[in-house]
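Residue numbers (the working numbering): 13 to 309.
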Amino acid sequence: MKKMKKQTFAFAAAAMMIAGLAGCSSDNGASTGTSTPASTGASSSAASVVATISGSVATGGSTSVEKVIGALSEAFMESNEKVTITYDPTGSGAGITGATDGTLDIGLSSRALKDTELANGLVETTFALDGIAIVVNPANTVEDLSLEQIAKLATGEITNWKDVGGEDQPVVLVGREAGSGTRDGFESIVDVEDACKYEQELTSTGAVMAAVAANPNAFGYVSLASVDDSVKAITVDGVAASEATVQDGTYKIQRPFVFVTKQDTPLSPAAQAFFDFALSEDAHELVRLAGAVPVVK
Numbered sequence: 013m014k015k016m017k018k019q020t021f022a023f024a025a026a027a028m029m030i031a032g033l034a035g036c037s038s039d040n041g042a043s044t045g046t047s048t049p050a051s052t053g054a055s056s057s058a059a060s061v062v063a064t065i066s067g068s069v070a071t072g073g074s075t076s077v078e079k080v081i082g083a084l085s086e087a088f089m090e091s092n093e094k095v096t097i098t099y100d101p102t103g104s105g106a107g108i109t110g111a112t113d114g115t116l117d118i119g120l121s122s123r124a125l126k127d128t129e130l131a132n133g134l135v136e137t138t139f140a141l142d143g144i145a146i147v148v149n150p151a152n153t154v155e156d157l158s159l160e161q162i163a164k165l166a167t168g169e170i171t172n173w174k175d176v177g178g179e180d181q182p183v184v185l186v187g188r189e190a191g192s193g194t195r196d197g198f199e200s201i202v203d204v205e206d207a208c209k210y211e212q213e214l215t216s217t218g219a220v221m222a223a224v225a226a227n228p229n230a231f232g233y234v235s236l237a238s239v240d241d242s243v244k245a246i247t248v249d250g251v252a253a254s255e256a257t258v259q260d261g262t263y264k265i266q267r268p269f270v271f272v273t274k275q276d277t278p279l280s281p282a283a284q285a286f287f288d289f290a291l292s293e294d295a296h297e298l299v300r301l302a303g304a305v306p307v308v309k
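Structure (structure tokens):
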């Protein structure tokens, strides 16, 4: 994936809106992955952290986590003015490599680690989940699709809605532009990478929903948090997309957002404090506002 310019999150307006949620937690066991890095002894008190923690925290990797890591970083830096958090959006593979070779304090991946990566001394800690809803026009009579049917609709193997229980009308796929994290998530989970037959490739979630709402034959994919009454979210293998079904794993079109760290390498005090905050209940609403699903213990 093409390397993008490293950026530091420092957007005052957003930080002011969410600063009240930015207290740090001492609980570093909120992981749904393997185990968390060993504690560095960083203080669990938000007031104490503001007074004592300083330094930089280098994160990087998955482009799909940009909004979530941005919201978390802004909130944390607002309450910890001596800490600078950077994010380098270079793709999950680069995030995993950066955690492995130590060029990143925390790598970012939008997939679970492979057994070979875990065996190489890495630790995965899920800090959020990404639910992707399949949406159709409200006039579409289709209510449920299997993953296999969704794949065939997306690749053009099925071209008429009647073949999946709908009306005798052509299928129109509306999706995101190349490079979109939502597109990457949909195509990788449904296993249709580089095989989709798009009628339209649009540059925002709002544009996808507007296009689906305007065309009774269209379907598309959007972040779960963005779904509104202008479109209809169908069930996938009988399961509706919701925060609860993403959290319990029954909704299939989802993936983890993962912190990648090294098993035997303690984080710096600043990195440990940010890690703990991102896994705390204080971060849940920030994750929701960024369009993802929080991990609940």
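Glycine residues also receive a C-beta, built at the ideal position from the N, C-alpha and C atoms.
- Nearest to residue 71 by alpha-carbon distance, out of 202, 236, 95, is 95.
- For residue 258, no pairing in a beta bridge is given by DSSP.
- Between the alpha carbons of residue 206 and residue 164 lies a gap of roughly 13 Å.
- Rounded to the nearest whole angstrom, the C-alpha separation of residue 76 and residue 192 is 8 Å.
- Rounded to the nearest whole angstrom, the CA to CA distance from residue 212 to residue 266 is 23 Å.
- The beta carbons of residue 119 and residue 272 sit about 3 Å from each other, so the pair counts as a contact at 8 Å.
- Taking the C-beta atoms as reference points, residue 238 is found no nearer than 8 Å to residue 187.
- Between the beta-carbon of residue 88 and that of residue 289 there is about 5 Å, and that keeps the pair under the 8 Å contact cut.
- Listed in chain order, the beta strand (DSSP E) elements of length 3 or more contained wholly in the segment 242 to 296 are 266 to 274.
- The residue from 149, 298, 306 with its alpha-carbon nearest to that of residue 221 is 149.
- Residue 214 and residue 255 have their C-alpha atoms spaced approximately 25 Å apart.
- In the DSSP assignment, residue 188 falls outside any alpha helix (DSSP H) and within the unbroken beta strand (DSSP E) covering 184 to 188.
- A residue is called buried once 16 or more other Cβ atoms fall within 10 Å of its Cβ, and residue 101 is buried on that count.
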